[in-house]
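When the letters of the sequence shown are read in order and numbered with the working numbering, they come out as residues -17 to 83.
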Amino acid sequence: MDNNAARVFRYAAIGEACSWLGLLVGMFFKYVVVENEIGVKVFGPIHGAMFVAYLAALAWVTVKERWGFARLAVGAAASIPPFTTLLFEWWVRRTPAVARA
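Printed below as a string of structure tokens:
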């Protein structure tokens, strides 16, 4: 996995995880510290955009690398819990996929 789609997928996975961090920090300040929602207002849309970018990059790399549905489904599910996109990206970089016939 060493092409443009893989590189974009890696950056999208990192960006999605970073936006999760920003959103979680914003939620901490909104609900725990100062009850100010500016962090959520800023990082909510950023995280939403990065979520969509990650899914688009996942679809692109799935086609380019000829991944099966199971790997696509795991990648999509990895976008839901915080920081799991990093784990998934790390795993797919180290685990070769069996191409569909």
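Glycine included, C-beta positions come from ideal geometry on N, C-alpha and C.
CA-to-CA distance, residue j to residue i, given in whole angstroms
i: residue 39; j: residue 62; result: 15 Å
i: residue 30; j: residue 37; result: 11 Å
i: residue 20; j: residue 34; result: 22 Å
i: residue 53; j: residue 28; result: 26 Å
i: residue 16; j: residue -6; result: 31 Å
i: residue 50; j: residue 23; result: 37 Å
i: residue 13; j: residue 76; result: 39 Å
i: residue 64; j: residue 78; result: 24 Å
Same chain, Cβ closer than 8 Å to residue i, five either side skipped, listed in chain order
i: residue 25; result: 1, 4, 5, 7 and 8
i: residue 56; result: 70
i: residue 18; result: 11 and 12
i: residue -15; result: 46
Cβ-Cβ separation, residue j to residue i (assumed contact under 8 Å), whole Å
i: residue 71; j: residue 32; result: 13 Å between Cβ atoms; not a contact.
i: residue 66; j: residue 58; result: Contact flag wrong, Cβ pair sits at about 11 Å.
i: residue 68; j: residue -4; result: 7 Å
Contact under 9 Å by Cβ, residue i with residue j
i: residue -13; j: residue 74; result: no
i: residue -9; j: residue 42; result: yes
Close beta carbons around residue i, own chain, < 7 Å, minus the five adjacent residues each side
i: residue 83; result: With a pLDDT of 42 at residue 83, under the threshold of 50, the modelled position of that residue is not reliable, and the figure given next carries that caveat. If we look at residue 83 and ignore the five residues flanking it on each side, it has no Cβ neighbours.
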